[in-house]
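Asks: Supplied in structure tokens, the structure appears directly below.
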Amino acid sequence: MAEAFGLILRWDRELSVIVMLSLQVTLSAVALACLIGLPLGALVGAFRFPGRGVITVLLNALMGLPPVVVGLFVYLMLSAAGPLGVLGLLYTPTAMIIAQTILVTPIIAALTKQVVEDLHGEYAEQFASFGVTARTRVAALLWDARYSLLTVALAGFGRAVAEVGAVLIVGGNINHVTRVMTTTIALETSKGNLQLALALGVLLLGLAVVVNAGVMALRVSAVRAAYA
Amino acid sequence: MRDTVMESAQDCIASILTARSLGFAAGGQVLLQGIDVDIAKGKRTLIMGANGAGKSLFLRLLHGLLPPSFGTVRWHGERPAKRAQAMVFQRPVMLRRSVIANLRFALRVQGLGWRAREAGAREALEMAHLTEKARQPARLLSGGEQQRLAVARALVCDPEILFLDEPTSSLDPASTQMIEDLVNAAHARGVTVVMVTHDQGQARRMGDSVIFLHAGRLAEEGPRDQVLDAPRSEAARAWMAGRLYTRNDF
């Protein structure tokens with residue numbers, strides 16, 4: 020354990036490469052998932068249309084997507100024989116971002132739908148009275164629910180940063196190229212190199228705590244300002 | 044005959060909103076039926092009646108928030124326009140924004156540019172005596188201040204008709220006075236007012252005419268003094284006399 024903390028304190032170069040790649044992949048995937056999931060969830064939450072129930076069930080079901088299945092699906096798409104093989108993305112961070120985006124988007128969309136639906140319940144008559152357009156309605160709901168949606172993004176971040184199966188399949192865990200915290204922990208544990216595995220485990224936990232604390236602080240300030 | 048035609052034509056011109064055989068049903072129950080009324084342009088029409096009489100439902104139908112199950116609502120003879128009317132609800136709906144941002148939102152929906160929005164919002168703040176609280180979250184205002192903001196927000200939409208659903212039902216006399224002042228000022232500028240109220244005192248202070256509903260039907264309508272002081276319907280007589288009654292009594 021002491022050696023693990025020593026690695027962290029020395030901020031070993033290999034450790035820093037792994038941590039930075041993890042953050043790059045995870046944050047990119049969460050950002051992309053938010054770009055897709057927030058408006059999608061808001062549309063489903065704010066409007067009634069045929070097929071809405073089916074989409075809701077689908078989004079909720081996809082929240083529990085098994086990462087290895089997503090990894091396999093993306094692998095088949097990006098492999099040389101797959102339809103997107105020509106892009107040469109397999110075993111690159113981009114492939115990992117794609118896999119994590121697919122995993123996280125349903126979580127963001129389903130949770131956003133719930134948040135927006137609740138807020139829309141409050142606003143619906145007033146919006147109808149104002150005669151707001153669909154676009155203004157979605158924009159206003161997303162803006163007014165922004166602090167609640169931070170928690171939604173946080174849930175997506177938690178899912179992505181802790182994920183190992185999908186990124187292992189499509190990334191290949193190549194040293195200095197696609198090796199991230201979770202895949203390194205799995206590899207080093209299997210090799211018996213517990214110091215690095217432990218150090219990364221501590222860092223992963225620390226990262227989760229710091230991000231959660233940051234979002235919590237933001238929410239508390241929002242509640243104080245009575246916006247939440 | 045000619046006089047009758049002339050009178051009818053004048054009635055049409057004087058009415059901004061007409062409801063004909065208006066009704067609403069939900070869950071297999073008819074909640075409102077057979078309402079025929081003309082809302083006079085530039086006047087203050089008050090809607091009264093007991094709980095469950097259908098006042099708020101009637102107001103929503105007039106405003107266009109609900110589609111009627113039967114009959115029609117016509118605006119100058121046409122379907123109600125989207126933006127020439129505004130409504131204030133019994134419980135004000137405050138957006139999760141500052142006071143001034145609530146006003147800006149209403150102005151943005153009208154399609155106004157940034158400068159016009161700022162000017163309109165400032166003017167509305169002054170009108171509602173909320174300038175000091177412009178930057179405060181709207182949801183932190185007191186009940187009376189929230190309702191003032193709701194009225195000001197409705198008025199920045201520059202409505203021809205202002206609908207109000209018991210806007211002062213949970214307010215103290217001072218707050219009620221401020222809301223009535225805002226509404227009367229709008230009326231003085233030519234805005235037609237249609238307001239639901241339970242309060243006979245308010246009806247005497249503010250009403251030009253009164254529509255009295257009972258059990259989802261029009262019990263009677265007419266000039267304020269006639270309906271309040273010499274009601275013809277049994278339900279309105281009981282109400283004005285302060286007698287207790289249920290929807291099945293008449």
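These protein sequences, in sequence, are chains A and B.
Residues in the first sequence are numbered from 20 upward in steps of one, following my numbering.
Residues in the second sequence are numbered from 44 upward in steps of one, following my numbering.
Quick reminder that beta carbons are idealized off the backbone N, C-alpha and C, glycines included.
Note down the Cα distance separating Ala-164(A) from Asn-145(B), rounded to an integer number of angstroms.
Replies: 15 Å
Asks: Kindly indicate which three-state DSSP category Ile-127(A) falls into: helix, strand or coil?
Replies: helix
Asks: Starting from Val-7(A), trace the alpha helix (DSSP H) both ways and give me its first and last residue.
Replies: Lying outside 20 to 247, the shown extent of chain A, residue 7(A) is not represented and no answer is given.
Asks: Check the Cβ of Phe-66(A) against every Cβ in chain B and list those closer than 7 Å, keeping chain order.
Replies: The premise fails here: Phe-66(A) is roughly 17 Å from chain B at the closest Cβ pair, so nothing lies under 7 Å.
Asks: Output the distance between the C-alpha atoms of Gly-244(B) and Phe-101(B), rounded to the nearest integer angstrom.
Replies: 22 Å
Asks: Give the residues from the segment 126 to 151 of chain A that approach chain B closer than 7 Å (Cβ to any Cβ), ordered along the chain.
Replies: Glu-141, Tyr-142, Glu-144, Gln-145, Ala-147, Ser-148, Phe-149, Gly-150 and Val-151
Asks: Pop quiz: Ala-174(A) and Thr-201(A) are said to be a contact at Cβ under 8 Å. What is the actual Cβ separation, rounded to whole angstroms?
Replies: Between Thr-201(A) and Ala-174(A) the Cβ distance is about 17 Å, and since that is not below 8 Å, they are no contact.
Asks: Counting C-beta neighbours from all protein chains within 10 Å, is the total for Met-235(A) 16 or more, i.e. buried, or is it exposed?
Replies: exposed
Asks: Have a look at Val-234(B), Met-283(B), Arg-232(B) and Val-226(B) and flag the residue whose alpha-carbon is nearest the alpha-carbon of Val-253(B).
Replies: Met-283(B)
Asks: With a threshold of 8 Å between beta-carbons, can Val-237(B) be considered close to chain A, or not?
Replies: no
Asks: Is the CB-CB distance between Leu-91(A) and Ile-188(A) below 8 Å?
Replies: yes
Asks: So, with DSSP's three-state summary, where would you put Gly-70(A)?
Replies: coil
Asks: By Cβ distance below 6 Å, which residues in the same chain neighbour Tyr-94(A) in space, the five residues on each side in sequence not counted?
Replies: Ile-188 and Val-189
Asks: Take Ser-267(B) and list the residues in its own chain whose beta-carbon comes closer than 8 Å to its own, dropping the five residues that flank it on each side.
Replies: With the sequence shown as reference, residue 267(B) is identified as Arg, and Ser is not the correct amino acid for it. Taken in chain order, the residues that qualify are Leu-89, Ala-246, Arg-247, Gly-250, Asp-251, Ser-252 and Val-253.
Asks: Taking the alpha carbon of Gln-220(B) as the point to measure from, which residue in Arg-280(B), Leu-155(B), Glu-263(B) and Arg-191(B) has its own alpha carbon closest?
Replies: Nearest to Gln-220(B) by alpha-carbon distance, out of Arg-280(B), Leu-155(B), Glu-263(B) and Arg-191(B), is Arg-191(B).
Asks: Could I get the ranges of all uninterrupted beta strand (DSSP E) runs contained in the segment 214 to 250 of chain B, with 3 residues as the minimum, in chain order?
Replies: 235 to 239
Asks: Let me check understanding here. Comparing Cα to Cα, which of Gly-25(A), Leu-84(A) and Leu-108(A) lies closest to Gly-184(A)?
Replies: Leu-84(A)
Asks: Would you be able to state if there are at least three C-beta pairs under 8 Å between the segment 134 to 151 of chain B and the segment 105 to 112 of chain B?
Replies: no
Asks: Mapping the DSSP letters down to three states, classify His-139(A) as helix, strand or coil.
Replies: helix
Asks: Using 8 Å as the limit for Cβ to Cβ distance, is Thr-155(A) near chain B?
Replies: By this cut-off, Thr-155(A) is an interface position.
Asks: With DSSP as the reference, please indicate the residues paired to His-257(B) in a beta bridge.
Replies: Per DSSP, Arg-260(B).
Asks: Would you check if the segment 135 to 143 of chain A and the segment 61 to 68 of chain A touch, i.e. whether three or more CB-CB distances between them fall below 8 Å?
Replies: yes
Asks: Compare the C-alpha of Ile-27(A) against each of Ala-218(A), Arg-238(A), Arg-154(A) and Ala-232(A) and name the closest.
Replies: Ala-218(A)
Asks: Strictly under 8 Å for the Cβ-Cβ distance: is Ala-248(A) near chain B by that measure?
Replies: The structure shown does not extend to residue 248(A), since chain A is modelled only from 20 to 247, so the question has no answer here.
Asks: Would you say Met-283(B) faces chain A, with C-beta separation under 8 Å as the test?
Replies: no
Asks: Do you know how far the Cα of Leu-169(A) is from the Cα of Ser-66(B)?
Replies: First, the residue type needs correcting, since residue 66(B) is Gly and not Ser in the sequence shown. Approximately 45 Å, taken between the alpha carbons.
Asks: Measure the alpha-carbon distance for Ala-216(A) versus Pro-102(A) and round it to whole angstroms.
Replies: 36 Å
Asks: Establish whether the CB of Asp-31(A) and some CB of chain B are separated by less than 8 Å.
Replies: By this cut-off, Asp-31(A) is not an interface position.
Asks: Counting only runs that start and end within the segment 114 to 177 of chain B, where is the alpha helix (DSSP H) found for 4 or more residues in a row?
Replies: 142 to 152 and 157 to 170
Asks: What residue range does the alpha helix (DSSP H) around Val-83(B) cover?
Replies: For clarity, residue 83(B) is Ala in the given sequence; the question names Val instead. Ala-83(B) -> not in any alpha helix (DSSP H); beta strand (DSSP E) instead, spanning 72 to 83.
Asks: Are Thr-235(B) and Ile-82(B) close, meaning C-beta to C-beta below 8 Å?
Replies: yes
Asks: Give every residue of the same chain whose Cβ lies closer than 8 Å to the Cβ of Arg-140(B), excluding the five residues on either side of it in the sequence, and list them in chain order.
Replies: Phe-148, Pro-180 and Ala-181
Asks: Going straight from the alpha carbon of Gly-56(A) to that of Phe-66(A), what length do you get?
Replies: 15 Å
Asks: Give me the subset of the segment 95 to 122 of chain B whose CB atoms are less than 9 Å from a CB atom of chain A, sorted by chain position.
Replies: So the list reads Arg-103, His-106, Gly-107 and Leu-108, given in the order they occur along the chain.
Asks: Hey, is Lys-86(B) close to the ligand ZN, as in C-beta under 7 Å from one of its heavy atoms?
Replies: Among the components modelled here there is no ligand, and therefore nothing to report on the ligand ZN.
Asks: Short check: CB of Val-151(A) to CB of Val-152(B), under 8 Å?
Replies: Result yes, Cβ atoms of Val-151(A) and Val-152(B) sit closer than 8 Å.
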